[in-house]
Amino acid sequence: METKRSLPGWAKSILTGLRILSRVLLLLPIPVFMVWFSYTVDRSGLFQGDLAPREAANLLLENKNVTNFEQMDERQIVRLYVQNLPEEEVPEVIGLGSSRVLQFTREIVGTDSFYNMGVTGADVRDVMTSFYLMEKAGKLPKTVIWSVDPWVLHGGANSLDKRADAELYQEFLQEVLLIDTGYEEPDQAELWKALAEPAYFQGNVDYWLQTREGQVLTDGGAVIPFTEVTGDVQAQTAAIKMADGSVLYSADYRSRDEAAVTGDAMIQIGTFDSLHMEGFTELNAEQCRIFEAFIAYLRSHEVNVILVLSPYHPVLYQEIYNQYLTQGLHSGFFQTESWIRQFAATHDIPLVGSYDPCTLIDLEASLEVWHQQAGAAGISTQQYLSDPAYAEARQLSTVYLPPWQDVPVYYDGIHCTGGLLEQFFPGADVILGLDAESLLPDPTEILVRTAENNAG
Amino acid sequence: MNFNSLVFLGFFCAVAVLNYVLPRFLRPVFLLAASYAFYLYEPKNASLVALLIAATVITWASGLALARLENKWARRGFLALSLLTCMGVLFFYKYYNFFGEVFVGGQFQPLELVAPLGLSYFTFQSLGYVLDVFMGKLEAEKNPIRYALFVSFFPAIVTGPIEQAGVLLPQIAAPRRFDYDRCAGGLFRMLWGYVKKMVIADNIGLFVGQVYARPGEYGGPYLAAAALLFALQLYMDFSGCCDVAIGAARILGFDLTENFRSPFLAPTFRELWRRWHMSLTGWFRRYVYIPLGGNRKGAVRHCLNLVAVFLLSGLWHGAAWGYVWWGVLCGVLSVGGMLLDKALKRPKEPAPAPIPVQVLQAVRTYVIFALCFVLFAAALYGFDPMAVYSGMFSGWDAGRDALASGFAGAGLDSTTALMLAGSTLGILLGEAFGAVSEWIRKLWFVARWPIYYALCLLLLFFGAFGQSAYIYQQY
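Protein chains in written order, with the numbering used here: chain A, 4 to 459; chain B, 2 to 476.
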């Protein structure tokens, strides 16, 4: 005490400051524990996402197949998957698109480092924001397989899905593609204040006590329906989300006969436009610009892009094509593939598949023929594929897949099976390799029943 | 701005730091600005701040006039002006509708009046100052800033303590230097208060509020428990708020008057009242009881004076018959106790009884006190107190399991009950040792910090956050 009294004023102040600081440090574990606990348990899903999707995403991250696909909030799961994905496990290849991309599996893509980020009913916003989430998290893949749905070039209100994250899309357009949307960064302060709320901490303690027995509950106390698939994966009675993000429909649905599938396709003729394509009469210039900007953005991050056009059922395609020819219906849809093909050719982007099932190329068989033709002409295959003099020969020698196959290759009018995908998609690395060697055919040379080629 | 809000904690931290950073002569100005900022934080107070300013200006000016004037009638005139101002505002906001309905009856059109924050406190405090100056017990304060701070000092404006000018004004005039031990003690006192309010009072309040919201739906065990717990809730709520106020003031360099002194350890009803809301009872004693003659004008006057003080105390709480009858009942019981003491010739300072006897006496006193507070609760919750008293005798035949599940359904499950019992016991024992901010600083570091941690964790795990304001805030 005497020593302290004899100290000069500034030294006393420093000593007092140190004393206060040490006491604050001693108390610090309590607020730190509170914040950590609230952030980790997060029963309202403010930071970690809602409990049910979080559980599903965590199972997927553990490389497990998950039950009850129909009940999933797929967009939340994508967000949480990206958020919780360890950096060392970032997939090299991802799939983007609607349910029409969800049959792409690791086997089809040809790598174990693949995750299918497609979501049911995906509109253009879902596709772009899914990738944007990866970029924001610093978890960029090397290759993107984008199964382009025709409605991405529609631009009308009917092309949008209400489940998409409109705010994130606006942020993406404004901050990344530099397209002004009037987006303003939301105030996150209120959200983060929850971490300092003891009441939220207490709610988390209650929830933790309820769930420590192992049962996973929602905030309301209901049992979360997502669990690891047990038993034979192929024999499940409901659709499941596979560990690679793809979807395996129920055994019953997958084993339906040709007549049932065709029946579905015929019904879907009447509802074709209702799938994000009502009022789709012309390509939207703004959407085309955004499409172009998105591809440029992917490439600026040195991400390989493979565009896929997933085929429609032959019966459905034929009928809507007839409607287009005779009544002028679906004109926007029939302009889309040509535009995408032209775009892919101009920007040298590998493109496989076709909405028109009659013009799906068996790439490997075609290459074999083109090699023979080039050999006969005494030129290299690359030369053969790029020389306009051989354009007609190339078209004649292209090997198309039969639209009417012996085995059912569709689930319904708009979803083809993985088996069909496999026939025109020889694997991501193979396609990129062929593209690097200029061994992919010019996308504009494939004769597709579109607005430009309406002679058929 | 509620004391039990993060906004207040942030505000208080900033004020405390700046208070010690500023030169001492500027501190009263700064604290006055902080007090008005605190007051104006609630929009409803912003429109009524004129009342606070008017009460301050008029009583300050009256104090100066009283100090200078020698003419008896002029002095009485200024005293009357202050009395009319303070009591007029108080009467208008708290009693206009009540007395209107009493004297005019069914034709009376009540006004929609919202009393400003701390009305009963700042009017009594400023009136006490004027009376002290009038009686020559105190020098008039010449500095309007210091006086304004005395009237509106933010830690005390919510629920008091109702401070005496002679205690607070000298402290305002001579601000203290920063003292680590004082601040640490003050912080602990605040923490102690928060635990009392948020852990005990608010958790009890869940049960009591549920029962008293519809007392007709509950049987005797619930009504009896609610009656017994309401008194505890009120104590923990009110004294908890005072702890926060006293702790906060201590950090800022001020010692406020203690408002409670372990009332539930009192052996008799009268003794309990000597330890309960001491700043208000002291105010009434100084300015009502003693001027009325106290115990110097014979036994009858003494009894009447006592009942009058309790009646006024009841009315101070609000304009409702429940408060009036509560005041009268407490007055009558005090008089009864006094007469009994006289009849039995009990000494004024009896020798301490053995501990078990003390416990029994404290329990007996508490039960009487709690039963009186049913009338108080009736005014607060708006129920018929006689129905509650009579209801306490029915419904005791329900099975143990049914009662347990009934209590759990009303918000008092076994875990909560256990936690409440443990915390209450800890708090009452802690206070039995004297001023908590004093004894905690005398403990060895190793013994002290587990107590800090225990209180923090108790608050974190069981505190009812965002639950309610303080009950006495409305008086």
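Backbone N, C-alpha and C fix where the C-beta goes; we use that ideal spot for every residue, glycine too.
| Check | Outcome |
| --- | --- |
| Reference V35(A), options Q239(A), L198(A) and A59(A), closest by Cα | L198(A) |
| Beta-carbon contacts of W284(B) that lie in its chain and below 7 Å, excluding the five residues immediately before and after | F125, G129 and I163 |
| Residue environment, Q271(A), which counts as buried when at least 16 other CB atoms sit within 10 Å | buried |
| Per-residue contacts from F466(B) into chain A (C-beta, under 8 Å) | E200, P201, A202 and Q205 |
| Outcome for G459(A) when other beta-carbon atoms lying within 10 angstroms are tallied against a minimum of 16 | Interpretation of G459(A) is limited by its pLDDT of 41, a score under 50 that renders its predicted location unreliable; no figure is taken from the coordinates. |
| 8 Å Cβ cutoff, W440(B) in contact with chain A | no |
| CA-to-CA distance, T339(A) to D445(A), given in whole angstroms | 17 Å |
| F374(B) versus W327(B): straight-line alpha-carbon distance, rounded | 7 Å |
| Selection of the segment 80 to 113 of chain A by Cβ proximity to chain B, strictly under 7 Å | none |
| Spatially closest choice to P144(A) from I182(A), D190(A), E95(A) and A167(A), by CA coordinates | E95(A) |
| Among S395(B), V18(B), G435(B) and V289(B), the one whose alpha carbon lies nearest that of A309(B) | V289(B) |
| Cβ-Cβ distance between Y300(A) and L180(A) below 8 Å | yes |
| Best match in R344(A), H374(A) and T43(A) for proximity to L2(A) [C-alpha to C-alpha] | Here chain A comprises residues numbered 4 to 459, so residue 2(A) is not present and cannot be evaluated. |
| S150(A) burial status per 10 Å Cβ neighbour count (16 or more: buried) | buried |
| Beta-carbon neighbours of T19(A), restricted to chain B and to distances below 9 Å | F179 and Y181 |
| Beta carbon proximity, W22(A) to chain B, threshold 8 Å | Before going further, note that residue 22(A) is Arg rather than Trp in the sequence given. R22(A) counts as touching chain B. |
| Beta-carbon contacts of Y315(A) that lie in its chain and below 7 Å, excluding the five residues immediately before and after | Y358, P360, G416 and I417 |
| Nearest to A380(B) (by Cα), restricted to the options A405(B), G315(B) and A81(B) | G315(B) |
| CB contact flag (L170(B), R190(B), <8 Å) | no |
| Proximity winner among N161(A), M131(A), L88(A) and L194(A), relative to F117(A) (alpha-carbon distances) | L88(A) |
| Distance CB(I173(B))-CB(G119(B)) smaller than 8 Å | no |
| Residues near P353(B) by beta carbon distance below 6 Å, same chain, minus five either side | none |
| Under 7 Å from the C-beta of E269(A): neighbouring residues of chain B | The question names Glu, but residue 269(A) is Met in the sequence shown. The contacting residues do not exist; M269(A) stays about 59 Å from chain B at best. |
| V412(A) - containing beta strand (DSSP E), residue span | From DSSP, V412(A) is part of no beta strand (DSSP E); its letter is neither H nor E. |
| Interface flag, I33(A) vs chain B, CB-CB below 8 Å | yes |
| Test: M37(A) CB closer than 8 Å to a CB of chain B | yes |
| Stretch-stretch touch, CB-based, cutoff 8 Å, three pairs: the segment 102 to 121 of chain A with the segment 401 to 420 of chain A | yes |
| Secondary structure of Y252(A), DSSP reduced to three states | coil |
| Residue environment, Y236(B), which counts as buried when at least 16 other CB atoms sit within 10 Å | buried |
| Interface partners of C457(B) on chain A, CB under 8 Å | L30 and I33 |
| Span separating the alpha-carbon of C14(B) from that of Y21(B) | 11 Å |
| Three-state class that DSSP yields for T274(A) in the structure shown | coil |
| Chain A within 8 Å of L233(B), Cβ atoms only | no |
| Proximal residues of chain B, C-beta to C-beta of V208(A) below 8 Å | F462 |
| Test: E5(A) CB closer than 8 Å to a CB of chain B | Its pLDDT being 47, under 50, E5(A) is placed unreliably in this model, and the coordinates cannot settle the point. |
| Whole-Å CB distance - I441(B) paired with G186(B), under 8 Å assumed | 6 Å |
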